[in-house]
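Residue numbers (our numbering): 1 to 91.
Glycine included, each C-beta is placed from N, C-alpha and C at the ideal position.
These figures come from a predicted structure and were not determined experimentally.
Structure first, commentary second.
Now the structure itself:
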């Protein structure tokens, strides 16, 4: 059974920017994200009953915070050898 949470991609990518020097606001945001995950544990996309390999590759923008940042994160899903989903927001 495979689980993934595309609903938290943006929040995780934004929090990852501050892993080197988090402040109280970042810890509060992380706690809020953890509460959200706890409250929505039964949500998500579930694939079961299949014998296949689902691979997910992701990347976060590790530059320091800037309002001029154009790229935040991206991900690619691959099912066996066929790409099935790709996402890269430009803001």
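Per DSSP, what kind of secondary structure is residue i in: helix, strand or coil?
{"i": "residue 5", "result": "coil"}
{"i": "residue 43", "result": "coil"}
{"i": "residue 13", "result": "helix"}
For residue i and residue j, what's the separation of their Cα atoms in angstroms?
{"i": "residue 8", "j": "residue 77", "result": "16 Å"}
{"i": "residue 28", "j": "residue 74", "result": "24 Å"}
{"i": "residue 11", "j": "residue 54", "result": "23 Å"}
{"i": "residue 41", "j": "residue 5", "result": "10 Å"}
{"i": "residue 35", "j": "residue 22", "result": "19 Å"}
{"i": "residue 24", "j": "residue 43", "result": "28 Å"}
{"i": "residue 39", "j": "residue 33", "result": "10 Å"}
{"i": "residue 31", "j": "residue 37", "result": "10 Å"}
Provide the residue(s) that pair with residue i in DSSP beta bridges, ordered along the chain.
{"i": "residue 56", "result": "77"}
Identify, in the order they occur along the chain, each residue of the same chain with its Cβ nearer than 7 Å to the Cβ of residue i, setting aside the five sequence neighbours on each side.
{"i": "residue 57", "result": "75 and 76"}
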